[in-house]
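Protein chains in written order, with the numbering used here: chain A, 5 to 303; chain B, -17 to 318; chain C, 3 to 323.
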């Protein structure tokens, strides 16, 4: 019978940090996206700790002030300290993004799994609903919904809900197709042979391999949520009191801010929005490389 | 004592589409049985499309037959529940062809061994489990410290397949379905893997069903052989007899085409007499008829098994002078 | 007679995250026109790398670091990129593993064949090219009607023969077939190999068959070269390889083959092939060699020619050993 020969000396594996840095060097979009995100998060966190959040609401400070030492970002027509407004607005945007994004992803994962793993009528039903709802112009429905809500009951949470309503189909279909292919893989058969039951297979064998897809879906959902909340509030359909970026821009439009020379009022929210969406888009692109092996460029 | 495995007239038909009537018969009326007290190594030989993988899936309980039944220790496997089902799971195992596909890429290779040990309660403690893993890995010629804790992509194909076999060692099933266990492994490693499998039979009384298209390895490891073509049994019997004196035209073609690593047995000596038609055999005739150089009018209806010898039978009208034997008595021809 | 293919001191390494892997270490080989060479070795022995290096298809992080590949006295490694493009298929052709799966599924077979000719002879007449393609199809035992078919209409064996046809369209001097039959069943495998044999005789090319199935080698090639861990262990005629192999690794390989005479006897090779990142010192095979000597651990054996005509890289055969 085969005897064992001298073992190989342990290969010098480069440290995890080196591998990660080398990977980041290849995936530039991810790097830029993360940097911008880091900056925004830092701004928000430090802001929340240092700024008086009450000043983000109308009639708190003297209005129509240019940026100065006292009010680094100026104040608006309604007496909002723009700095405070930006900080609170960012925080709320993040909340909507994570809530709506998280909810959308959760629904996607649960429905996608059920649909793919158990098949049959359930699958046909879920798949059918997704396929019917997807072509519906979400924008239209969201506008109608948000517009028909009583102004006072529109909070950031209802905003999140409205956005999720028509965004959950994409992650569901993605997760479903991944699970469909994964459950045919031989390691699932072997797990069955090893006595693992259905639940064990779902959570122990398939789910861990889906993590990259789930994270990618989450980032995508956050993007959709933030973007959705933005355009709804730009139309004046958001929670008007809150200093969401879109609200600020809508209010500035309504008061003809540029014509009146209050340039700083719409500029900061616009800039912020561009940064937020760019960072999410870049991270999304970067994630595509991780989640989709065919796009992956090997060194 | 009830037979270990009793396959009774099993047929598996895949129908395509809801509207179309076209269907493929993956397996046609196959019967065989294995005894509990006489472990043996049987080969099911055939090329792709022969139905051998379908047979493996049926025996493992992954798919259900269209007609016919499969009994494990006297119980219909489609009706097993609870503890009985767990016992069936533990005692019927497999070694698959692709050394990489059986590993879950998220986990280290330990996962492949630790999960069944835990599920089937094969160890009394974590330390005991670890010992068993080490023992099995060593028995297949690996150094445990080189392999444990590594991810599948960090190991070579040969190492991975050896771990697969180690898994079978740890589980010590009663029936092991080995589906092309060495075809994706380097020639130099095949010998030791086959050796380990044979050891399982010799030392631990495991019955092995060795599924392959490679008759050279089959010849060395098995005692009996069933040759399948497009789902039907073409020839069956003692492996020595069938490989050295094939009687069915298909078996003859197979044996002639094997690249023997032997300079005295060259291809050039026998010409491949085969008609190359792109059509498939439809209907009830002999499945090999479209390619058979000896095809006759009567081959339009499927030939029954004719017994040539105590341990050899073939389904071919060329031998119709011999006594017929019913398909479900196939196992009587197979020596153990 | 000048060999049609002459590889001298070929050196290829891969620079990976974990270090430098020596895929081919100073390998030299030659082949005459009309000869068939079998290149055998385990996975990782360097045989596919050799084929890629000859075709100059090594991609990053791999690099050809030295050596020469002469086809008809012209060093392919010295050619410009453009000249090499011309040389591929017209002077040296490569049938990769799984070639049949790389046929374009949305183009007819004929269109793909014409593409191959047009790339080298842009001014050729359409009718001429079509006729040449159809004749080539016939020479690999396929019907002329295959010219108009799509890949999915053909069986595995037929697709592989299409790949062979494409490789001989421009009558190259050297054909490299990398495991051309690994996905085929045994009957089709024989048909394909006999086809390669026939066309090779027709155009007088030299063939390198890469694989690890010694049985296939016994049936098909004239010479066998055994590779181990990026180095050449032995080159012998097929008869010598099977009756009196010299290198201990080659001997072990031959002994591990199942044959009809010694039923039930299995002789594996103990141990594992080394990682190319950490090759053993001296002879790369010494940790697994049953006849290892002290010198084997420190001094690398160079290939030398024996009186029998065989080439071996082993200290057992050094003068005065």
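We treat Cβ as the ideally placed atom computed from N, Cα and C, and that holds for glycine.
Keep in mind that this is a model prediction, so the values were computed, not measured.
Under 6 Å Cβ to Cβ from residue 40 (chain C), same chain only, skipping five residues before and after it: list those, please. The residue labelled residue 40 (chain C) in the question sits at position 38 within the third chain. Within the same chain, residue 40 (chain C) has close Cβ partners 211, 219, 223, 226.
Whole beta strand (DSSP E) elements within the segment 119 to 192 of chain B, 3-residue minimum: Unbroken beta strand (DSSP E) stretches of 3 residues or longer found wholly inside the segment 119 to 192 of chain B: 157 to 161, given in chain order.
Anticipated Cβ contact below 8 Å, residue 97 (chain C) with residue 9 (chain C), distance rounded: Translated into positions along the third chain, residue 97 (chain C) becomes position 95. Translated into positions along the third chain, residue 9 (chain C) becomes position 7. The Cβ separation is near 19 Å, so there is no contact.
What's the gap between the Cα of residue 116 (chain B) and the Cα of residue 7 (chain B)? Locating residue 116 (chain B) in the second chain gives position 134, counting from the first residue. Locating residue 7 (chain B) in the second chain gives position 25, counting from the first residue. Using only the alpha carbons, I get a separation of about 44 Å.
What are the partner residues of residue 284 (chain C), as DSSP defines its beta bridges? To locate residue 284 (chain C), count along the third chain from 1; it is residue 282. Paired residue(s): none; residue 284 (chain C) is not in a bridge.
Bridge-paired residues (DSSP) for residue 15 (chain C): Taking the third chain and counting its residues from 1, the one referred to as residue 15 (chain C) is at position 13. DSSP output for residue 15 (chain C) lists C:24, C:65 as bridge partner(s).
Under 8 Å (Cβ pairs) to chain C, residues found in the segment 158 to 171 of chain B: 168, 169, 170, 171
Hey, residue 81 (chain B) and residue -6 (chain B): beta-carbon distance below 8 Å or not? Residue mapping note: residue 81 (chain B) aligns to position 99 of the second chain, counting from 1. Residue mapping note: residue -6 (chain B) aligns to position 12 of the second chain, counting from 1. Not closer than 8 Å, so no.
Run through the DSSP bridge pairs and tell me what residue 219 (chain B) is partnered with. Within the second chain, the letter at position 237 stands for residue 219 (chain B). Answer is B:207, B:294, bridged to residue 219 (chain B).
8 Å is my cut-off, CB to CB: does residue 168 (chain C) come that close to chain B? For the purposes of this step, residue 168 (chain C) is taken as the residue at position 166 of the third chain. Output row for residue 168 (chain C): interface = no.
Counting contacts by CB-CB distance shorter than 8 Å, is residue 202 (chain C) in contact with chain B? Working through the third chain from its first residue, we reach residue 202 (chain C) at position 200. For residue 202 (chain C), the answer is no, since every Cβ of chain B falls outside 8 Å of its Cβ.
If the cut-off is 7 Å on Cβ atoms, which residues from the segment 211 to 228 of chain A count as contacting chain B, listed in chain order? 212, 213
List, in order along the chain, the chain A residues whose C-beta lies closer than 9 Å to that of residue 68 (chain B)? Your numbering for residue 68 (chain B) matches position 86 in the second chain. Those are 199, listed as they occur along chain A.
Using 8 Å as the limit for Cβ to Cβ distance, is residue 288 (chain B) near chain A? In the second chain, the residue the question calls residue 288 (chain B) occupies position 306. Not closer than 8 Å to any Cβ of chain A, the Cβ of residue 288 (chain B) fails to qualify, so no.
Sub-8 Å separation of residue 189 (chain B) and residue 156 (chain B) beta-carbons: Position 207 of the second chain, counted from the start, is the residue given in the question as residue 189 (chain B). Position 174 of the second chain, counted from the start, is the residue given in the question as residue 156 (chain B). Contact: yes.
Which runs of the alpha helix (DSSP H) at least 4 residues long sit entirely within the segment 34 to 106 of chain B? Give them in chain order. 34 to 41, 64 to 73, 92 to 101
Report the residues of the segment 78 to 102 of chain B with a CB closer than 8 Å to any CB of chain C, ordered along the chain. Per Cβ criterion, the list is empty.
Spatial neighbours of residue 131 (chain B) in its chain, beta-carbon cut-off 7 Å, leaving aside the 5 residues before and after: For the purposes of this step, residue 131 (chain B) is taken as residue 149 along the second chain, with counting starting at 1. Within the same chain, and ignoring the five residues on either side of residue 131 (chain B) in sequence, the residues whose Cβ sits closer than 7 Å to its Cβ are 90, 92.
Does the separation of the CB atoms of residue 273 (chain C) and residue 177 (chain B) fall below 8 Å? Mapped onto the third chain, residue 273 (chain C) falls at position 271. Mapped onto the second chain, residue 177 (chain B) falls at position 195. No, they are not a contact pair.
At a Cβ cut of 9 Å, what residues of the segment 162 to 196 of chain A count as close to chain B, listed as they run along the chain? Listed by position, the residues of the segment 162 to 196 of chain A near chain B (Cβ gap below 9 Å) are 189, 190, 191, 192, 193, 194, 195, 196.
Got a sec, what are the start and stop residues for the alpha helix (DSSP H) residue 243 (chain C) sits in? On the third chain, position 241 is the one that residue 243 (chain C) refers to. Its alpha helix (DSSP H) spans residues 240 to 245.
Name the residue from C:139, C:109, C:285 whose alpha carbon lies nearest to the alpha carbon of residue 197 (chain C). The residue labelled residue 197 (chain C) in the question sits at position 195 within the third chain. Out of C:139, C:109, C:285, C:139 has the C-alpha closest to the C-alpha of residue 197 (chain C).
Residue range of the unbroken alpha helix (DSSP H) whose run includes residue 150 (chain A): Looking up residue 150 (chain A) in the first chain gives position 146. Here the alpha helix (DSSP H) through residue 150 (chain A) covers 142 to 152.
Could you name the residues of chain C that residue 173 (chain B) contacts, counting a contact when the two beta carbons are closer than 7 Å? The count along the second chain starts at 1 and reaches residue 173 (chain B) at position 191. Result: 258, 268, 269, 270.
Would you check whether the ligand SAM has a heavy atom nearer than 7 Å to the C-beta of residue 113 (chain B)? Looking for the ligand SAM in the displayed structure turns up nothing, as the structure carries no ligands at all.
Looking at residue 86 (chain C): is its Cβ nearer than 8 Å to the Cβ of residue 65 (chain C)? Numbered from 1 along the third chain, position 84 holds the residue referred to as residue 86 (chain C). Numbered from 1 along the third chain, position 63 holds the residue referred to as residue 65 (chain C). Not a contact, by the Cβ cut-off of 8 Å.
Contact set between residue 75 (chain B) and chain A, taken where Cβ atoms lie within less than 8 Å: Reading the second chain from its first residue, position 93 is the one you call residue 75 (chain B). Neighbours of residue 75 (chain B) on chain A, chain order: 197.
Ordered along the chain, which non-local residues of its own chain (more than five positions away) have a Cβ less than 6 Å from that of residue 14 (chain A)? Taking the first residue of the first chain as position 1, residue 14 (chain A) is located at position 10. Residue placement at residue 14 (chain A) is flagged as unreliable, the pLDDT there being 45, under the threshold of 50; the coordinate-derived value follows with that caveat. Correct list: empty, nothing qualifies.
Environment of residue 161 (chain B) [buried if 16+ CB atoms lie within 10 Å]: Along the second chain, read from residue 1 onward, the residue named residue 161 (chain B) stands at position 179. By the 10 Å Cβ count, residue 161 (chain B) comes out buried.
Check the Cβ of residue 220 (chain C) against every Cβ in chain B and list those closer than 9 Å, keeping chain order. One-based indexing of the third chain puts residue 220 (chain C) at position 218. Within chain B, the residues near residue 220 (chain C) are 241, 242, 243, 244, 245, 247, 248.
Taking only three categories from DSSP, how would you classify residue 195 (chain B)? Residue mapping note: residue 195 (chain B) aligns to position 213 of the second chain, counting from 1. In the three-state DSSP reduction, residue 195 (chain B) falls in the coil class, being neither helix nor strand.
So if I threshold CB-CB distances at 8 Å, which residues from the segment 30 to 52 of chain B count as touching chain A? 42, 44
Applying a beta-carbon distance threshold of less than 7 Å, which residues of chain A neighbour residue 132 (chain B)? Walking along the second chain from the start, residue 132 (chain B) turns up at place 150. Here the premise fails: no neighbours, minimum Cβ distance about 10 Å.
Relative to chain C, which residues along the segment 171 to 205 of chain B have a C-beta separation below 9 Å, given in chain order? For chain C, the residues of the segment 171 to 205 of chain B that bring a beta carbon within less than 9 Å of one of its beta carbons are 171, 172, 173, 174, 175, 176, 177, 180, 195, 196, 197, 198, 199, 201, 202, 203, in chain order.
Over the uninterrupted beta strand (DSSP E) stretch that includes residue 32 (chain B), give me the two end residues. For this step, residue 32 (chain B) is matched to residue 50 along the second chain. Residue 32 (chain B) -> no beta strand (DSSP E), and no H or E assigned at all.
Just checking: is the beta-carbon of residue 44 (chain C) within a distance shorter than 8 Å of some beta-carbon in chain B? Numbered from 1 along the third chain, position 42 holds the residue referred to as residue 44 (chain C). Yes, because at least one Cβ of chain B sits closer than 8 Å to the Cβ of residue 44 (chain C).
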